[in-house]
Each structure stands twice: as structure tokens, then as C-alpha cells.
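Engineer: Residue numbers (my numbering): 1175 to 1508.
Take a look at this one; I'll ask things after.
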């Protein structure tokens, strides 16, 4: 299926730093961090059953099963708190996976290892290598790789706009354009509007920053690009002294990041608030409230019925009209 690399290349250009949206949140002391999950022991060690397992992390308000239609996830980082609001309708499988990972503490203690100003900030390799390897797409662990689902692309929709969150993916460059495949647990937040570059490749954004954009701007970016990705963007302007993806998965935070990349910011843990109030959902595509809401049982659930009913009536009308035309011609011939 061709070469597989995480994320995609981009010719990046210098971009202004994100303007603060609020006073910076307090940095999270490491003394408050929970112990990162490991294997064996964590429900996440079996991705096929983790969604239905009882909660094991600080996110005690969450319940097993599918993600809420809307949910706020607060990433407590060493630079402050960042809140992402996830919308399940935009990527059901992606939202359900994030919900499961947060419930079981997957991101606890993990590194913010790829921060590229003017492009993206990426994270999502578990702190403990025994768990990280389960979600390494190259290992092809049963249930770890999410099924592909079409990205909802619309010129007026969010897509990979600034401060929107998507899964980092390998991509299949045998297709034109290359398509995002093999999503597991790595995420990236767009630091600029990347819709033109990433939407066509199928990166499905499903959450947006609602608080803490100024904190993202504080994440350490001095190491630049990751080792294996140095050739992806020769015009990007970043140094290439970042972590190796292979070593991140194989060695983990304590043995690799702390020793070789001590300046990287970290995620202490994640908490969540299901079904927060969203006063302005108008950016959804299609129905002003919920895209594809008829399939979710929400507002607009009767849309599909009315479309089918209308098409049936139209076909019936055309058949009657055609029958009358044929009858009229037969009368003239006789």
C-alpha cells in the first residue's frame, strides 16, 4: 500500500504566534500527576474491549460506551490547561476512541513531542512503552487501528482550521492525493488554517479548542521536527532535533524523553465534562444543529424519511405522466 508516515508534509511559512484568548492557566505540578497506565493491568491493553470497561482514571464522570454527542476534555499540561470540545457527529469512531482513552488515563504523563509553529502540535504516544506499543500502528495490534471513516469536508465547515483537533495518521501515498489511514491514539491540533493542505487527505477534525489557546502557544517548540520526518518539509524552517517516533514507542517518557528531551511539555492528566453547553453550533454542516443527526436520533431525525418519501412521489408522478403520454400517442395513431 505504499509508504506509511505519520501526518503529512507541508510547505510551511512563518506564522504569527496565536493571540492569547484569556489569562494563562496555572502550570500543573508533577506531584499531582497520576501514575501512567501500563500493560498488563490497564483495560487499554485490549483495545477491542476497553470501551466497555469500567473507568480507571481521574475522568470519573465519564461512563463506558460511546462518547457523548458533545464533551469537553481538559488537558492539564505543564504549561497550563487546554480544553477541547469534541463533537461526535464529526467523527463517531474518533470521538469514541478519545472518550475511551481519556477514561482510562492513556494520555497521563505523555509528552507534547511535535510542536511546529505555523503548522501543528502533535501528541498521543503513551508515557509507558508497554501501553504505547499497543497503539503503534506498525504493530497492528487487534482493535488498535480505527476503521476508516470519511472526513466531513465542506468549504464552510471547520475541517482542519486553526485550533481544530484531528487524529494523526499514517498515509497511503499510492492514492492521489495520499489518504490518511491507521488512526490509533496520536492527535494534532492545527496551529493555523490547514484546511487546504489536510482536508483533501482525509484528516477528520472533530474537536476544537474552546479555552487555553494561549497555553498551546507556550508549549516548547525548540526541538522542531521529529527525526523520521525531517525530509517531509524542507521549506518549513524548523530545526530537526525532535524525538524519534520509533524510540518514543519503544522506550517511553522516563527512559527516552526525560533523558534526551527534558524541555518538552507534558500532559499530566485529562478530565472531562460530558454534554457541555454549546451556544453556537451553527458551524455544523447541513442541518444547522447536527450534521447527520437523523442517523444519531437527534434533531432532524426525519430528514431521511422525507427525502425518500419525496423521491417516491416524484417517481410516481413521472410514471403517471409517461403513461398518459403513451396513451395519447396511441389514440392519435388509431
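All C-beta atoms, glycine included, are put in the ideal place defined by N, C-alpha and C.
Values in this document were obtained by computation on a predicted structure and should not be read as measured data.
To the nearest angstrom, how far is it from the Cα of residue 1224 to the Cα of residue 1491?
Structural biologist: About 52 angstroms.
Engineer: Using DSSP with H/G/I as helix, E/B as strand and the rest coil, what is residue 1118?
Structural biologist: Absent from the model: residue 1118. The displayed extent of the chain is 1175 to 1508, so no value can be given.
Engineer: Taking residue 1442 as part of the beta strand (DSSP E), name the residues at either end of that continuous run.
Structural biologist: Here the beta strand (DSSP E) through residue 1442 covers 1441 to 1448.
Engineer: Which runs of the beta strand (DSSP E) fall wholly inside the segment 1275 to 1357 and span at least 3 residues, in chain order?
Structural biologist: 1294 to 1297, 1338 to 1341, 1344 to 1346 and 1353 to 1355, all fully within the segment 1275 to 1357.
Engineer: Which residues in the same chain have their Cβ closer than 6 angstroms to the Cβ of residue 1385, if we skip the five residues on either side of it in sequence?
Structural biologist: If we look at residue 1385 and ignore the five residues flanking it on each side, its Cβ neighbours are 1257.
Engineer: Could you have a look at residue 1270 and say whether DSSP puts it in helix, strand or coil?
Structural biologist: DSSP places residue 1270 in helix when its eight states are reduced to three.
Engineer: Between which residues of its own chain and residue 1416 is the CB-CB distance below 7 angstroms, once the five residues before and five after are set aside?
Structural biologist: Correct list, in chain order: 1287, 1288, 1397, 1398, 1399, 1400 and 1401.
Engineer: Are there three or more Cβ pairs, one per stretch, closer than 8 angstroms when the segment 1300 to 1308 is compared with the segment 1424 to 1435?
Structural biologist: They touch, by the three-pair rule.
Engineer: Measure the C-alpha to C-alpha separation of residue 1207 and residue 1250 and round it to an integer number of angstroms.
Structural biologist: One C-alpha to the other measures close to 9 angstroms.
Engineer: Determine the direct distance from the alpha carbon of residue 1359 to that of residue 1307, and round the result to whole angstroms.
Structural biologist: The alpha-carbon atoms of residue 1307 and residue 1359 are separated by roughly 11 angstroms.
Engineer: Per the DSSP calculation, residue 1259 is bridged to which residue(s)?
Structural biologist: Per DSSP, 1246 and 1382.
Engineer: For residue 1388, which option in 1218, 1423 and 1337 has the closest C-alpha, if you only look at C-alpha atoms?
Structural biologist: Here the closest residue by C-alpha is 1337.
Engineer: Secondary structure at residue 1251, three-state DSSP: helix, strand or coil?
Structural biologist: Here residue 1251 sits in strand by DSSP.
Engineer: Indicate whether the contact test is met: 3 or more Cβ pairs, each with one atom in the segment 1261 to 1275 and one in the segment 1404 to 1414, closer than 8 angstroms.
Structural biologist: No, because fewer than three Cβ pairs between the segment 1261 to 1275 and the segment 1404 to 1414 fall closer than 8 angstroms, the two stretches do not touch.
Engineer: So, do the segment 1361 to 1371 and the segment 1233 to 1244 have three or more beta carbon pairs nearer to each other than 8 angstroms?
Structural biologist: Contact fails: fewer than three Cβ-Cβ distances are below 8 angstroms.
Engineer: Terminal residues of the continuous alpha helix (DSSP H) containing residue 1389?
Structural biologist: From DSSP, the alpha helix (DSSP H) with residue 1389 extends over 1387 to 1390.
Engineer: Could you tell me the alpha carbon to alpha carbon distance between residue 1299 and residue 1353, rounded to whole angstroms?
Structural biologist: Approximately 22 angstroms between the Cα atoms of the pair.
Engineer: Return the CA-CA distance between residue 1221 and residue 1320, expressed in angstroms with no decimal places.
Structural biologist: Roughly 10 angstroms between the two C-alpha positions.
Engineer: DSSP has residue 1362 in a bridge; who is on the other side?
Structural biologist: Looking at the DSSP assignment, residue 1362 forms a beta bridge with 1296 and 1340.
Engineer: For residue 1398, list the residues DSSP reports as bridge partners.
Structural biologist: Per DSSP, 1414.
Engineer: Which two residues bound the contiguous alpha helix (DSSP H) that contains residue 1372?
Structural biologist: Note, residue 1372: alpha helix (DSSP H), 1369 to 1372.
Engineer: Hey, out of 1375, 1213 and 1312, whose CA is closest to residue 1356's CA?
Structural biologist: Selected option, being the one with the closest Cα: 1312.
Engineer: Between which two residues does the alpha helix (DSSP H) harbouring residue 1419 extend?
Structural biologist: Unbroken alpha helix (DSSP H) run through residue 1419: 1419 to 1426.
Engineer: Residue 1236 to residue 1495, Cα distance in whole Å?
Structural biologist: Taking the straight line from one Cα to the other gives about 57 angstroms.
Engineer: Measuring straight from C-alpha to C-alpha, what distance separates residue 1190 and residue 1215?
Structural biologist: Only weak support is given to the placement of residue 1190: the predicted model assigns it a pLDDT of 33, under 50, and the value that follows is read from those uncertain coordinates. Approximately 44 angstroms, taken between the alpha carbons.
Engineer: Let me make sure I understand the geometry here. Which of 1431, 1246 and 1377 has the alpha-carbon closest to that of residue 1419?
Structural biologist: Checking every option, the nearest Cα to that of residue 1419 belongs to 1431.
Engineer: For residue 1291, which option in 1448, 1392, 1283 and 1447 has the closest C-alpha, if you only look at C-alpha atoms?
Structural biologist: Measuring from the Cα of residue 1291, the nearest candidate turns out to be 1392.
Engineer: What does a CB cutoff of less than 7 angstroms around residue 1364 pick up in its chain, not counting 5 residues either side in sequence?
Structural biologist: The residues are 1294, 1334, 1335, 1336, 1337 and 1338.
Engineer: Can you tell me whether residue 1438 is buried or exposed, with buried defined as 16 or more other CB within 10 angstroms of its CB?
Structural biologist: Residue 1438 should be labelled buried.
Engineer: Could you name the residues of the same chain whose beta carbon sits closer than 6 angstroms to that of residue 1403, not counting the 5 residues immediately before and after it, in chain order?
Structural biologist: No residues qualify anywhere along the chain.
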